[in-house]
Each structure stands twice: as structure tokens, then as C-alpha cells.
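Student:
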Amino acid sequence: MNASLKEHKSYNKTTNLLTLFFLSALFLTIRTIFLLSAFYFISNHEELYNGTLAHDFLQNPSLFIKNPNLAFCYQYMPFAGGTFIVSILAIPFFALLGNSVFSLKLLSILISLATFVVFYLLLEKFFSHKTALIFGILLAFSAPYPILTSLILWGNHNESVFFTALLFYLILSYNEYNSDKKRYLILSGLVAGFGFYFDYIFITTILSVIIFLLLSKRNFFFKKDVLYFSISFICGFFLWFYTAFLTNFENLRIHKPGIAADFSIFYLIKKFLKLIIFDLPSSFWLKEIRLMGINILPSIYYLIFLFSFIFLLTSLFKEYINKKKLPNYFLFLLYIILFSLVFTFSKFSTGKAIEGINLFVFPFKIYRDRFFITLFPFIIITVSILLSK
């Protein structure tokens with residue numbers, strides 16, 4: 001009996017590994033095709049800036065070794081810690097492949113692949129193999145904009161999703177298992193702190209985790225666990241404090257608008273409705289086929305997500321009433337809700353819609369929808385969970 005069980009587990013493990021390998025190859029193939037056929041955005045200026053540190057370090061490494069703080073001067077903005085991190089990661093790629101845009105693209109693709117793998121493992125472990133498989137296929141064949149942005153080494157929103165996936169994996173492990181809880185919690189704090197330093201949009205992830213733990217483990221904030229998490233968070237956030245010291249706390253300011261909103265209720269409602277009705281569907285960048293003024297393809301894509309979201313939300317309440325326990329997918333729904341609220345109450349906006357996806361004609365369209373990059377995996381996860389039921 002034990003031998004049969006071990007053989008079954010070994011078979012499942014082999015199947016999962018083969019599935020992950022196949023999906024990863026598919027993920028890379030599709031993005032490589034996009035890369036080779038979409039050179040019109042190849043010279044993104046922020047991406048090129050992120051390669052400057054790697055270029056200069058390899059030209060004169062002793063200068064940076066003697067003056068370690070010099071490297072921080074290459075950070076794109078004082079608040080943009082992620083640009084510094086990807087600049088450091090680019091050094092071995094430049095050393096092996098030369099100072100080229102291709103090196104930056106390869107690094108960006110590998111970070112996106114790592115995010116893909118962590119999400120797959122999360123879904124396979126805490127949901128089902130079927131859910132992970134559907135997610136893998138849908139993300140590999142996702143809408144054009146998420147694919148294009150996975151090829152740009154911005155060092156902010158897109159790359160920060162990796163830390164979101166990793167933190168969610170650790171938190172669900174902490175929530176599900178009785179052993180190694182302290183280890184999962186300490187690692188979660190480190191990832192949360194570093195992720196917030198990497199990109200401030202990570203605040204949505206942190207809020208999601210805190211509310212999830214507050215509702216699913218109500219005694220969490222009255223145990224030593226919160227102390228472990230807080231201390232490890234501060235350790236993970238160390239580079240932020242160091243950058244604040246070097247820049248005289250300039251990293252507190254995010255561009256000129258800042259992060260607080262002082263708009264009227266009417267404006268906030270209007271912005272929220274614009275987000276969920278117009279901005280999100282148009283951000284997929286699907287081919288424009290209009291019927292009675294409605295862009296059909298992105299509307300269908302978005303309606304599938306909305307149906308999945310509403311269905312899971314109603315199922316969540318039913319499960320909680322029957323089992324007195326919140327399902328794991330509540331964490332993903334919570335992220336989507338909080339992202340929408342954080343964006344609405346921020347001073348950032350997408351502005352007017354830009355018709356067409358030709359970046360020759362509209363070179364700055366690539367920036368318009370960048371706020372939504374972190375949301376795309378959760379849209380796909382929501383649909384995947386419903387389809388696997």
C-alpha cells in the first residue's frame with residue numbers, strides 16, 4: 001500500500017514538472033516571437049537607463065568598489081528602488097552577452113518567467129493541477145499588452161509582481177500548515193519589506209496580506225507572529241532606509257503629484273467607474289473590432305473576468321457561511337478590490353484613451369496602461385479558478 005502511494009506521488013510530481021516545463025517553453029516561445037516582431041518599442045528610454053550602471057561598472061569596476069555609494073546614483077528616481085536592483089542584475093548579463101538591448105530583454109523575460117513559475121507552483125499547491133494548467137495556458141497566450149510589458153526592463157510594476165507571487169505563496173503556506181510557521185512568517189516579512197522598497201505599488205500586496213490574515217487568523221495580531229513579521233519586514237526594507245539617508249528622504253516623494261488624493265467624492269466615483277468600465281478593458285490592447293461603438297474583443301475578455309470575479313465573490317460568502325473559513329482565493333479577490341481602490345484614491349490616472357496600438361504613431365501609449373501591469377495575473381487567476389471548478 002505504501003509503495004503504491006509513493007509511486008502515485010512520484011508520478012504526480014513527474015507530471016507536474018513536465019507540465020511546468022512545457023508551459024514555460026510555451027511562455028518563452030510566445031514572448032520571443034513578440035520580441036522579434038515588435039522592435040518598434042525596443043529603445044524604451046527607461047530600460048536603456050537601467051543598463052547604464054552595468055555598462056559603467058564593467059568599464060571601471062574598481063571605481064564602484066572603492067565608492068560603493070556611487071551605484072545608488074544610477075537609480076532612475078530616488079523612490080524607484082527596483083530600477084537599482086534590475087541595474088545590478090543586468091551586470092552578469094552584460095558581462096556574458098555584451099552591452100546590448102538584448103541583454104536587458106533577456107533579463108526581463110527571465111524575471112517574467114520566474115513570476116510565472118511561482119504563480120504556477122502556488123496554484124498547483126493550494127488549488128489544483130487543473131487550475132495551474134489553465135492559468136499557465138491563459139497567461140502564456142495572454143493579451144498583447146501584458147506580453148509586451150514583460151519584454152521591457154522597467155524595474156518597477158512588472159518586476160514587482162514576482163515579489164507579490166512569492167509573498168502570496170509564503171502567506172498561504174503559513175496559513176495552511178502547522179509546521180515551519182515561523183520560517184514562512186520571517187521569509188514573508190523579508191519579501192514584503194524588500195518588495196515595498198522595490199516598488200511602492202507593492203502597498204496593495206501588503207494590504208491584501210494584512211487584511212487576509214486579520215480575517216482568516218483573527219488572533220494573528222495578538223501573537224508573537226506579528227513581531228516576527230514586523231522585524232523581518234524592517235530588515236527587508238533596509239535598502240529603503242539607506243536610500244533615504246543618501247537622498248535626504250527624497251524617496252518619500254513619488255514624482256510631483258505625490259501619493260495622496262484630495263479630490264471630491266464625485267471625482268473619485270467618476271474615476272473608479274472609468275477604471276472598471278473603460279480603462280481596464282482598453283488596457284488589454286486586443287485588436288479593435290467595433291460594433292455600435294463597442295470594441296468587441298476586449299469587452300468579451302473583460303466580461304469573462306467580471307463574471308468569474310462576481311461568481312467567486314458570491315461563492316466566497318457561501319463557503320464562509322457553511323464552513324466558517326475563508327477560501328484561499330479570497331486573497332486574489334482582495335488584491336483586485338484593493339488595487340482598484342488604491343488606484344482610485346491616488347493622484348495617478350490614465351488620461352484620455354488612445355485609439356490604436358501602433359507605437360510608431362503613439363509611442364507613449366506604452367506608458368498609459370503601465371499602472372495595470374500588476375493586475376493582469378490576477379485577472380487570469382480569477383478566470384482559471386472558475387474554469388477549474
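Position 70 (the sequence shown) corresponds to 70 in the working numbering; numbering is contiguous.
Idealized CB from N, CA, C, for every residue including glycine.
Note that the coordinates shown come from a computational prediction; the quantities given were computed from them, not determined experimentally.
Given a cut-off of 7 Å on the beta-carbon distance, is the pair A114 and E124 in contact?
Tutor: Not closer than 7 Å, so no.
Student: As an exercise, report each continuous alpha helix (DSSP H) stretch of at least 4 residues that is fully enclosed by the region 7–69, in chain order.
Tutor: Entirely contained in the region 7–69, the alpha helix (DSSP H) runs reaching 4 residues are, in chain order, 45–50, 52–59 and 61–66.
Student: Count the CB pairs spanning the region 162–182 and the region 134–141 that are closer than 8 Å, and state whether there are at least three.
Tutor: Output reads no: the region 134–141 does not touch the region 162–182.
Student: Quick one, which of L341, S283 and I380 has its alpha-carbon nearest F372's?
Tutor: Selected option, being the one with the closest Cα: S283.
Student: Does the separation of the CB atoms of L167 and A143 fall below 7 Å?
Tutor: In this structure, A143 does not lie closer than 7 Å to L167 by Cβ.
Student: Going straight from the alpha carbon of I300 to that of K223, what length do you get?
Tutor: Their backbone Cα atoms lie some 46 Å apart in a straight line.
Student: Once DSSP output is grouped into helix, strand and coil, what is the label at R218?
Tutor: In the structure shown, R218 sits in coil (DSSP, three-state: anything other than H, G, I, E or B).
Student: Are the region 330–339 and the region 308–321 in contact at 8 Å, needing three or more beta carbon pairs?
Tutor: Judged by Cβ distances under 8 Å, the region 330–339 makes contact with the region 308–321, as three or more pairs qualify.
Student: Among the residues of its own chain, which have a CB less than 7 Å from the CB of W154, if the five just before and after it don't count?
Tutor: The residues are E46 and E47.
Student: From the DSSP output, in three-state form, read off I379 for me.
Tutor: Reduced to three states, the DSSP call for I379 is helix.
Student: Should E250 be labelled buried (16 or more other beta-carbon atoms within 10 Å of its own) or exposed?
Tutor: Answer is exposed; the Cβ neighbour count stays below 16.
Student: L107 and A90: beta carbons closer than 7 Å?
Tutor: Yes; because the gap between Cβ atoms is below 7 Å, this pair is in contact.
Student: Identify the continuous alpha helix (DSSP H) that holds I337 and give its terminal residues.
Tutor: Segment F330 to F345, the alpha helix (DSSP H) holding I337.
Student: Rounding to the nearest angstrom, what Cα-Cα distance links I88 and L387 in this structure?
Tutor: Going by the C-alpha atoms only, they are around 40 Å apart.
Student: Just to confirm the assignment, what range does the alpha helix (DSSP H) spanning D225 have?
Tutor: K224 to G236 is the extent of the alpha helix (DSSP H) around D225.
Student: Please list, in chain order, all residues of the same chain as F229 whose beta carbon is under 7 Å from its beta carbon, the five residues on each side excluded.
Tutor: Excluding sequence neighbours, F229 sits near L185, S188 and G189.
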